[in-house]
Amino acid sequence: MNNQFKIGDLVRVDTLPDAPLREVLGVRGDFILINFGGWEGWVQAGAYELILSSKL
Numbered sequence: 004m005n006n007q008f009k010i011g012d013l014v015r016v017d018t019l020p021d022a023p024l025r026e027v028l029g030v031r032g033d034f035i036l037i038n039f040g041g042w043e044g045w046v047q048a049g050a051y052e053l054i055l056s057s058k059l
């Protein structure tokens, strides 16, 4: 998989159209770091879709 996300992008899990948007806080290989409201965690980037790209 080719992870094309960058820090600051807004993403949403691609299987839930009404899921909340999450900001990408970090990128490592095929994983992105996001905040889930009470904790942060590394998740597989392939499960998320890009909603708004960061200008960074």
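Position in the sequence shown counted from 1, then plus 3, gives you my numbering. C-beta: ideal position from N, C-alpha, C; glycine also.
The beta carbon of L53 sits closer than 7 Å to those of F8, D12 and V14, all from its chain and outside the five residues before and after it, given in chain order. In terms of Cα proximity to V16, the closest of W42, I37 and G41 is I37.
K58 and I10 have their alpha carbons spaced roughly 10 Å apart. Taking 8 Å as the cut-off, the Cβ atoms of E43 and L55 do not count as close.
Here A48 is buried, its C-beta having at least 16 other C-beta atoms within 10 Å.
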